[in-house]
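To keep things clear, I will list the structure first and then write my remarks on it.
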Amino acid sequence: FGSFPQGGKEPNTGQAQALRLLLDEINTRIRYLCEVGIGYLTLDRQSRTLSGGEVQRINLTTALGTSLVNTLFVLDEPSIGLHPRDMARINDAMLRLRDAGNTLVVVEHDPAVMLAADRLIDMGPGPGERGGQIVFDGTPEAIRSADTLTGAYLGARKTIGMGFKRAVTDSTPRLILEGAREHNLKDVSVEFPLQRLVVVTGVSGSGKSSLIQDVLAPALLRHFGKSTDTPGAHDRLLGAEQLGEVVFVDQSPIGKTARSNPVSYVGAWDAIRALFADAPLSRQRSYTPTKFSFNSGDGRCPTCGGSGFEHVEMQFLSDVYLRCPDCDGKRYRPEILEVRIERGDRSLNVADVLDLTVSEAAELFKADREVIRVLQPIVDVGLEYVKLGQPVPTLSGGEAQRLKLAGFLAEASKSASASRQPLSRKGTLFLFDEPTTGLHFDDIAKLMRSLRKLLDAGHSLVVIEHNLDVIRSADWLIDLGPEGGEAGGLVVAEGAPEQVREHASSHTAKALRDYALSMGEVHAVREGRAADYLGQSSGLAASARRNDQHGNAIRIVNAKEHNLKNLSVDIPRGKFNVISGVSGSGKSTLAFDILFNEGQRRYLESLNAYARSIVQPAGRPEVDAVYGIPPTVAIEQRLSRGGRKSTVGTTTEVWHFLRLLYVKLGTQHCVHDGAAVMPQSADSIAAAILKRYAGQHIGLLAPLVVNRKGVYTELADWARPRGHTHLRVDGEFLPTTGFPRIDRFKEHTIELPVADFVVSADNEAQLRSQLTKALEIGKGVVHVLHPLDGLARALEEGTSTRELGQLEVFSTTRACPVCATSYPELDPRLFSYNSKHGWCPDCVGTGLKLSRDQRTVLDDSVRDDKERGREQSFAEPEVEDLVNEVCPGCAGTRLNAQARAVKFSAVGITDVARLSVREVRLWVQGLMKDAVMSTRETGIARDLLPEIENRLAFLEEVGLNYLTLDRGAPTLSGGEAQRIRLAAQLGSNLQGVCYVLDEPTIGLHARDNAILLNALHKLGEMGNTLVVVEHDEDTIRRADHI
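Heads up: the sequence shown begins at 39 in the numbering used here, then just goes up one per residue.
Put into structure tokens, the structure is as follows:
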């Protein structure tokens, strides 16, 4: 691209400039791709055909290619899928970001990255329960002599053992793949020795995945008659008949359902459930193994469905997991937990077993062959510290990878014979794709031991791997290359690692030689060391270089936008800067068109393509260069002050959090008679009855009529032939034969007695069947009368039964227990002024009295078929002659009756909206302080209330404590609107940002001016840069730099 405009005529300057801009942009991006070592890719290459290492580096390029400063980059194992040679290039890119003035936090297991760091934080000391502490914090130099696991390996006091190596001789059976031509493979033929550990190596993109994933695995699967993709192009596959089966363990994550846990994943739970179903009490109650399942059946707790916790989705906050209040996190109903089995000196129920760690369970169940067979692999891969019932999503990447491996090992152990004698059967070929992903040195050592176990059992292993410890301990290496892409696809070297290591041009050989040198020296604990495995420049020299590059300033070079005349200026970072000058001198051009636009554009460029497509960045300003620019935020005195439906609550986002609070914790009340609406499932009603009324004599009644006038003799006629002797009318039990006439002008409640019994675990089946019947007759509602002592005597003697027992109502529907009005599930849109689900139908969320025409204009639910049901937010139509009179339908609260009838701690959301900022803050603090809320409520509100409290505190700080949350945005003055925006920025707690403000003091009284300046200084003290365009003398005096 460098030689474009030559040859022929000189193009006109405008075109040449435009071309140069475009070519520069293209060049920088392509240069980065070349620097991280994927210069061999073609631009039209489909992304799904890229190898893991290539995808990893393309993703890194967008992040590492930005010219931002003051930005925190968080990288999760950038070394995944990268050959040691490529890793050095990524290290260079990360160091370049650091030198530009950014912070990098990298989670990593690769020694090359660890030793390139300025500071190393080692977590430990062990995994799982035994971890969670910082065991070392210092330089990479010092960790080699630190007394931690990582230190022991980096200091070579511990090494990953080679294990017993099996030589590959001429008589070793082989699997032969001939003429593989898929992707970049160049007609290669490869021999894989069987019953050995074969490792396939090569730089990223050299054809490893193509050879194993695309050719070998599908060809073998097809040979064994399993469903698979079409194998990649190759001539033939020989020697597959020596194998019994093939298993391909790829990088795909294991299921993310919280219902899956280690014991069910490897299949040990079936065996344990069978043990419980065999216990004496289970036999007496005829429990089957299904009763002990937490994923199905009626043995699980009906409230949480057997997960042991309630998962509350919190929309824009992180989801909350709460311990189930009914089973206390034990997953099962109390009756099921009464079943115990004896193991060792312990008596365990199902919940106790799920709470054991794998190593404890392996010890207790060592006599149960079926159980120990499937638990042993989990111990072998080094997960012995995990609890049996730990949900799979809470495992780390490396743990999930090993659990998957344990599943395959358990599968393989199925075929082992009882006597442990090797059978004369064909072994399985295991294909692994980077099994060490996410593993620490110590985990790799355990992994190698479990892989050796597979070899001892007569299986064969082929592993794609970049980890030098695994490569070193292979029985046979196949090195592909020499480079990536088109320059790869050949076999560079094959043989034992000791032979391959001497190869002259192989990148893997060079890495092995370097590694042997660096691991040659053993470091005693607590002893410094000079030389370094990568010879990185020391952090101090780098930071010295960093500081004199551009100093700590934003440097603008030759700005030519609008009327600026090749302006170059330095704006100190982390200071309060004021730009002053007469009107029209170019202040706003410098602040907004150059500084703000460029900072925002560069920040957006570091995001992925999808996020960029949503936000359209401004065009590039006319400026030669801008260096050292952090992400920018503009706070303007907007002329548009928010639409009629915007309020103080919505602009400060306090309303979003309040809406969520009411959706999750509010209780719907009936709009007609104020009764609470609380539904339950049939299972949870049964469980509640078993728990609350254990040992009591109760009656189940199905309500037929609730508070209705009439004579109702036809109900008695309906009930009599169906075998019912009585109806309960207004508390009195009346016989169905000779049913008395009742007052037709009085409201009556009539119930049908369905069954009565003494509640206990033994007659649970009867309870369930009668409950189902009662719910069916009562259309989802059942009344429980308890206790029934004295009923038989009262009926014999003919005395009144009105005062007998207490009545409790259970319902499976979201309906009012009094008038049976149904209500939908609570939804955040119910509390939105912008959604037809929530707004008052008379004033469409404006809170004002509207004429019919005005209502039609403001009703934006009917604008667009495609947008139906979505919350609208577009420019608001002009409405003539709006009177400032309160809407009679909602009394100015803007919401409909159903939304107003939702209460949380006896307060409706509209009551909260009418309070001032200070009063709402006191209410929230009261909720957080006193024991007003239940444990469940506290858990759900733990992120919400502090958010609301913080935002309100910042509003008070900028002097707006007198505003109410439902105050309309159009009624705010310019100064108020701007301070609300400032409060939102204070509340975001960012640092390292550049805030650009346009004359913030317009229209402010001297007192408000002081409040504003204090707030600005507070933003500056948090570590931000402020650039203010201003004429006001006070502001200019208080600036650090003009």
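Idealized CB from N, CA, C, for every residue including glycine.
- For L826, same chain residues with a beta-carbon under 7 Å away, outside a window of 5 residues either side, are H735, I736, G737, D794 and G843 in chain order.
- Counting only residues of its own chain and dropping the five nearest sequence neighbours on each side, M966 has a CB closer than 6 Å to the CB of L983.
- D481 and S544 have their alpha carbons spaced roughly 28 Å apart.
- Secondary structure of A591 (DSSP, three-state): strand.
- Between the beta-carbon of V955 and that of L990 there is about 5 Å, and that keeps the pair under the 8 Å contact cut.
- Nearest Cα to A1044 within the set D1078, G997 and A937: G997.
- The C-alpha of V1034 is placed about 21 Å away from the C-alpha of N140.
- Just measuring C-alpha positions, the residue of A754, A531 and S606 sitting nearest V228 is A531.
- Of the candidates V701, R640 and V661, R640 places its Cα closest to the Cα of V653.
- Residue burial annotation: R938 is buried, with at least 16 other C-beta atoms found within 10 angstroms of its C-beta.
- Excluding five sequence positions before and after M161, the CB atoms of its chain that fall closer than 8 Å to its own CB belong to G169, G170, Q171, I172 and V173, given in chain order.
- If you check the CB distance, E216 and R274 come in under 9 Å.
- Checking the DSSP bridge columns, you'll see W693 has no partner listed.
- Where D393 is concerned, there is no enclosing beta strand (DSSP E), because DSSP gives it neither an H nor an E.
- For L158, the closest of V145, S334 and G164 by C-alpha to C-alpha distance is V145.
- Straight-line measurement puts the Cα of V820 at about 50 Å from the Cα of Q414.
- Assignment of C1032 by DSSP, reduced to helix, strand and coil, places it in the strand class.
- Distance check between R760 and each of G712, A714, K811 and S798 places K811 closest, using alpha-carbon atoms only.
- Of the candidates G1041, Y191 and V143, Y191 places its Cα closest to the Cα of P149.
- Residue pairing for Q844: DSSP places it in a beta bridge opposite H824.
- Scanning its chain for C-beta atoms nearer than 7 Å, with the 5 sequence neighbours on each side dropped, one finds around V253 the residues L215, A218, E220, P269, G270 and H272, in chain order.
- Closest by C-alpha distance to G201, out of L235, N635 and G243, is L235.
- From the listed residues L447, R463 and G465, the smallest Cα separation to L489 is found for L447.
- Going by C-alpha positions, M352 is about 13 Å away from E975.
- Rounded to whole angstroms, the gap between the alpha carbons of A591 and Q1029 is 16 Å.
- In this structure, the alpha-carbon of V616 lies about 12 Å from that of L1054.
- Across the set R746, N222, F230 and H824, the C-alpha of H824 shows the shortest separation from the C-alpha of L728.
- At a Cβ-Cβ threshold of 9 Å, P327 and F347 do not count as neighbours.
- The beta carbons of F771 and L833 sit about 6 Å from each other, so the pair counts as a contact at 8 Å.
- In the three-state scheme derived from DSSP, where H, G and I count as helix and E and B as strand, P866 is classed as helix.
- Cα atoms of L1024 and F992: separation of roughly 7 Å, rounded to the nearest angstrom.
- By the criterion of a C-beta distance shorter than 7 Å, T774 is surrounded in its chain by A754, A757, R758, H762, T763, H764 and L765, once the five residues flanking it on both sides are discounted.
- The distance from the Cβ of L493 to that of V284 is about 16 Å, inconsistent with a contact at the 8 Å cut-off.
- Residue state for L232 is assigned as coil, using DSSP reduced to three classes.
- The beta carbons of S89 and S247 sit closer together than 9 Å.
- Here A312 carries a helix assignment [DSSP, helix/strand/coil].
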